[in-house]
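To keep things clear, I will list the structure first and then write my remarks on it.
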Amino acid sequence: MRTTRPWRAALALAASLALAGCGEEPEAQAPAPRPVRVVTVEKGVGGQVASFTGDVQAQDEAALAFRVSGRMIERSANVGDQVKAGQVVARLDPQNALNALRSAQAALAAAESQLVTAANTFERQERLLGNGFTTQASHDAARTALQAAQSGVDDAEAQLKTAQDNVSHTDLVADAAGTVTARGAEPGEVVQAGQMILQLARQGGRDAVFDVPANVLRAAPADPVITVTLSDDPSVTAIGRVREVAPQADPVTRTFRVRVGLDNPPAAMRLGSTVIGRVELGSDAAIEIPASALTAVNERPAVWVYDPASQTVALRNIELRRFSQASVAVETGLSPGEIVVTAGVQALHPGQKVRLLGAGS
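Numbering (the working numbering), first residue to last: 389 to 749.
Following this line, the structure appears as structure tokens:
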């Protein structure tokens, strides 16, 4: 009886191992949902009125400066003054220019005297050569001296013209009617040629200047009509159109400088006045999403759309209106309220279950 007990134990162990081998294999665990970042699609900015504060500036400004250096002895115009075309607004001490003029006049007189002497010498050599009483070399020398004397007169005349111009340049003359908006030097100072003496806002046009964000520029129509009003008197209004948009954003504010040309601005809209500009944005503004959400399928742009009910994603083609490095504007293919994946799009496949980052697992 004792010899049969080990056999029975081995048989029972073998039976149990066989039963374990015939059992079903355990099911493989499902992969964990892939974490992604998403954004909810919002309706594009459109059919709204955007307003911005700016100021009135001249369409055409010029810096008035002397063409020659010298000590300024007079400035007859100041900031805010109205000047006329041809009006003298500043003067330099003309003494040095007058001295140079007198020197140029004396140099011209001397050159003309030398020309007369050279001409008489050449005429005498002409007669002597015709009668055989002089050599050809002497005749040629007289001709060369006459040509040199004539060149000296031409140079002296040019120097005299330059001296006369320099005398006239000691007067600073306004080239057009306008308003003085800034000054750059005071009487008694020694100024250099080209240094700004007065800043002149020429008559003939005024701009309302605003700093506008990029998203408003994108949403605005192609040729918007801008309504401009005085900030302290809304009854004073003017209509304008965009005349110039800065090609580069301000490095600090990231806004673009926009100049709006005013049509027949009222007199109350003086230079420097604070104004408010209003523009109606396009009613068909596109939906914008981050550029990181964009992918492609069948050589067409597409995005991954998240379904909250099933917690899965599906690939959908879209049509683009415009795009930049930061965002894309969607023409068709998305509706407000839908959820679009913005990070993790490279490792997704249709029907994949995902987990939103920041949400509970």
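All residues carry an ideal CB built from backbone N, CA and C; glycine is no exception. Nothing here was measured: the structure is a model prediction, and the numbers come from that model.
Where DSSP assigns a beta bridge to residue i, which residues make up the other side?
{"i": "R743", "result": "P423"}
{"i": "D752", "result": "This structure leaves residue 752 out entirely; the chain is present only between 389 and 749."}
{"i": "A570", "result": "Q587"}
{"i": "Q470", "result": "T567"}
{"i": "E449", "result": "A589"}
{"i": "M460", "result": "L480"}
{"i": "A438", "result": "V667"}
{"i": "V429", "result": "For V429, which the question treats as bridged, DSSP gives no partner whatsoever."}
Which residues mark the beginning and the end of the beta strand (DSSP E) in which residue i is found?
{"i": "T643", "result": "Here T643 belongs to no beta strand (DSSP E), and DSSP marks it neither H nor E."}
{"i": "I677", "result": "I675 to P678"}
{"i": "S623", "result": "D621 to V633"}
{"i": "D695", "result": "R688 to D695"}
{"i": "R704", "result": "T700 to N705"}
{"i": "D559", "result": "D559 to V561"}
{"i": "V685", "result": "T683 to V685"}
Excluding the 5 residues preceding and the 5 following residue i in the sequence, name in chain order all residues of the same chain whose CB lies nearer than 8 Å to its CB.
{"i": "T509", "result": "A530, A533 and L534"}
{"i": "A485", "result": "V456, G458, A551, N554, V555, H557 and T558"}
{"i": "I627", "result": "V613, I614, T615, V616, L650 and D651"}
{"i": "R631", "result": "Q447, D595, R647, V648 and G649"}
{"i": "A656", "result": "L618, D621 and V624"}
{"i": "E577", "result": "R459 and M460"}
{"i": "E462", "result": "A478, R479 and P575"}
{"i": "T641", "result": "D599"}
In its own chain, which residues sit with a C-beta less than 7 Å from the C-beta of residue i, not counting the 5 before and 5 after it?
{"i": "Q538", "result": "L503"}
{"i": "V600", "result": "F440, T643, F644 and V646"}
{"i": "L405", "result": "In this prediction, L405 has a pLDDT of 38, which is less than 50 and means its spatial position is unreliable; what the coordinates show is noted afterwards. There are no such residues."}
{"i": "E719", "result": "A674, E707, L708 and R709"}
{"i": "A506", "result": "A533, L534 and A537"}
{"i": "A488", "result": "A551 and N554"}
Quick one: what does DSSP say residue i is sitting in, helix, strand or coil?
{"i": "T720", "result": "strand"}
{"i": "S501", "result": "helix"}
{"i": "E514", "result": "helix"}
{"i": "A465", "result": "coil"}
{"i": "V476", "result": "strand"}
{"i": "N652", "result": "coil"}
{"i": "L486", "result": "helix"}
{"i": "L669", "result": "coil"}
{"i": "L496", "result": "helix"}
{"i": "V733", "result": "helix"}
{"i": "S491", "result": "helix"}
{"i": "A610", "result": "coil"}
{"i": "A714", "result": "coil"}
{"i": "A375", "result": "Limits of the chain in this structure are 389 at one end and 749 at the other, which puts residue 375 out of reach."}
{"i": "G409", "result": "For G409, the predicted structure reports a pLDDT of 46, less than 50, and the residue's modelled location is therefore unreliable. The matter cannot be settled from this model."}
{"i": "P414", "result": "Annotation note: pLDDT 49 at P414 (below 50); position unreliable, coordinate value reported separately. It is coil, neither helix nor strand."}
Going by beta carbon distance, what residues of the same chain come within less than 6 Å of residue i, once the five residues before and after it are set aside?
{"i": "A492", "result": "Q547, L548 and A551"}
{"i": "G411", "result": "Bear in mind that the predicted position of G411 carries a pLDDT of just 47, short of 50, making it unreliable; the figure below should be weighed with that in mind. Answer for G411: no residue qualifies."}
{"i": "G739", "result": "T700"}
{"i": "E500", "result": "V541"}
{"i": "M584", "result": "A451, A453 and G572"}
May I ask which residues mark the beginning and end of the alpha helix (DSSP H) holding residue i?
{"i": "N605", "result": "It should be noted that the sequence gives Leu, not Asn, for residue 605. Counting along the chain, the alpha helix (DSSP H) containing L605 begins and ends at A602 to A607."}
{"i": "T550", "result": "Q524 to S556"}
I'd like to know whether the C-beta atoms of residue i and residue j end up nearer to each other than 8 Å.
{"i": "Q447", "j": "D595", "result": "yes"}
{"i": "L560", "j": "L452", "result": "yes"}
{"i": "R425", "j": "A731", "result": "yes"}
{"i": "R666", "j": "V437", "result": "yes"}
{"i": "L669", "j": "V429", "result": "no"}
{"i": "I337", "j": "P696", "result": "Nothing in the structure corresponds to residue 337, since the chain is present only between 389 and 749."}
{"i": "A544", "j": "A495", "result": "yes"}
{"i": "L588", "j": "R571", "result": "no"}
{"i": "V568", "j": "N466", "result": "yes"}
{"i": "A478", "j": "S464", "result": "yes"}
{"i": "Y694", "j": "V733", "result": "no"}
{"i": "L682", "j": "W692", "result": "no"}
{"i": "F454", "j": "A562", "result": "no"}
{"i": "G442", "j": "V633", "result": "no"}
{"i": "P724", "j": "N705", "result": "no"}
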